[in-house]
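Per full-length UniProt numbering, the sequence shown starts with residue 1, numbered consecutively. A short worksheet on the structure shown next.
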Amino acid sequence: MNRDQLAEFLRSRRARVSPADVGLPSGERRRTPGLRRQEIAQLAGMSIDYYIRLEQGRGPHPSRQVLNALARALMLTQDERAYLFDLAGQPLEAPSIRENVPGSVLHLLAFLEEVPTYVLNARYDILAWNPMANVLMGDLDSRPPEDKNVIRWVFMSPDIAEHLNDEEKGRFARASVADLRAALGRYPDDRRMRALVAEMLALSPEFAELWSRHEVEIRREQRKRVTHPLVGVIDMICQVMPVPDRDDLRLVLYTTEPGSPSHQALRELRQLTMS
1 MNRDQLAEFL RSRRARVSPA DVGLPSGERR RTPGLRRQEI AQLAGMSIDY YIRLEQGRGP
61 HPSRQVLNAL ARALMLTQDE RAYLFDLAGQ PLEAPSIREN VPGSVLHLLA FLEEVPTYVL
121 NARYDILAWN PMANVLMGDL DSRPPEDKNV IRWVFMSPDI AEHLNDEEKG RFARASVADL
181 RAALGRYPDD RRMRALVAEM LALSPEFAEL WSRHEVEIRR EQRKRVTHPL VGVIDMICQV
241 MPVPDRDDLR LVLYTTEPGS PSHQALRELR QLTMS
């Protein structure tokens, strides 16, 4: 159980819920945003003293019944609820991060000849990719392992502006940090993930600011605009699909609208992989 992180998360989510959200009068002047501790305790059906101890990082192990009550009172999303259970040492599942990519997934990468596709683990390390992903993302084949981490690339790469404009980068950065926080909740004992977070907190003020928001959301589908040095702007749909029976791995595919200029741009990139 991570008491400090649990306390921070509860405080941050309580500040987000307004009295109107839960049917309470809001005309009364309030010194702090969101609900009071007493109000959350009442909504969750627990004593105010018990809830205060949780927010102060000195409470006992909350039961699954208590966590479910808190999730309802704080109006948590499905992803945030799973993160709450992870922090409290009551994970909905007990996954682990492995480094190998199943052979069937490698075969799928090879089959998707016209679709840039790669395999991402929970730490945002790119573990495998097809030729289209290689040419789209800038020669993954020649990069050392530490340069194949998407979090490092987004927050630390000096050439990120050549690929994503400020709006695109900001949206992707926020989504990635929220997703990484969810992953750390699932794998709290993964030293490499904790080291990555510590590294980014020390080196990137932007990452640190986003991390302090305690936002939690698993990445799924997202639209993305990338500027490629050879074919120009490409508008793509980034689809993030979990690998069956491997919760630590996801398949990331970039598709375009059929017949669009972006579709044609990807076809031009396809020619580069064949030359």
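Backbone N, C-alpha and C define an ideal beta-carbon position, used for all residues, glycine too. Here the structure is a predicted model, which means the values were calculated and not measured.
CA-to-CA, the gap between Ile40 and Ala71 works out to about 10 Å. Residue pairing for Arg223: DSSP places it in a beta bridge opposite Ile237.
Secondary structure at Thr32: coil, using DSSP grouped into helix, strand and coil. Taking C-beta separations shorter than 7 Å and ignoring five residues to either side along the sequence, the partners of Val66 in its chain run Met46, following chain order. Three or more Cβ pairs closer than 8 Å define a contact, and the segment 81 to 93 falls short of that threshold against the segment 140 to 148. Non-local C-beta neighbours of Ala128 in its own chain, meaning closer than 8 Å and more than five positions away in sequence, comprise Val101, Val105, Leu106, Leu109, Tyr118 and Val119, ordered along the chain.
Proximity to Glu257 across Met137, Asp235 and Leu203 peaks at Asp235, based on C-alpha coordinates.
Pairwise C-beta distances place the segment 151 to 165 in contact with the segment 222 to 231, as three or more of them are shorter than 8 Å. If you look at Val66, you'll find it isn't in any beta strand (DSSP E); it sits in the alpha helix (DSSP H) that goes Arg64 to Ala73. Counting other Cβ atoms within 10 Å of its Cβ, Phe111 stays below 16 and is therefore classed as exposed. Inclusion of Glu209 and Asp179 in the CB contact set at 8 Å is not warranted, their separation being larger than that value. Taking the C-beta atoms as reference points, Ala7 is found nearer than 8 Å to Leu54. Distance from the CA atom of Val240 to the CA atom of Lys148, rounded to whole angstroms, is 17 Å. Looking at the DSSP output, Asn165 bridges to nothing.
Rounded to whole angstroms, the Cβ separation of Ile151 and Tyr124 is 5 Å, and the two are in contact under 8 Å. Nearest in C-alpha terms to Leu269, of all of Gly259, Glu215 and Gly232, is Gly232.
Secondary structure of Ala128 (DSSP, three-state): strand. Residue state for His263 is assigned as helix, using DSSP reduced to three classes. In the displayed model, Pro242 falls within a strand according to three-state DSSP. Met132 counts as buried, since no fewer than 16 other beta carbons sit within 10 angstroms of its beta carbon.
Counting of Cβ neighbours within 10 angstroms places Pro229 among the exposed residues, the total staying below 16. About 6 Å separates the beta carbon of Leu74 from that of Arg14, a gap short enough to meet the 8 Å contact definition. Each of Pro244, Ala82 and Ser262 was checked against the Cα of Ile237, and the nearest Cα belongs to Ser262.
The three-state reading of DSSP puts His214 in coil, since its state is none of H, G, I, E or B.
Here DSSP, grouped into helix, strand and coil, assigns Asn134 to helix.
Taking a contact as a CB-CB distance under 8 Å, the pair Val243 and Leu251 counts as one, their CB atoms being some 6 Å apart.
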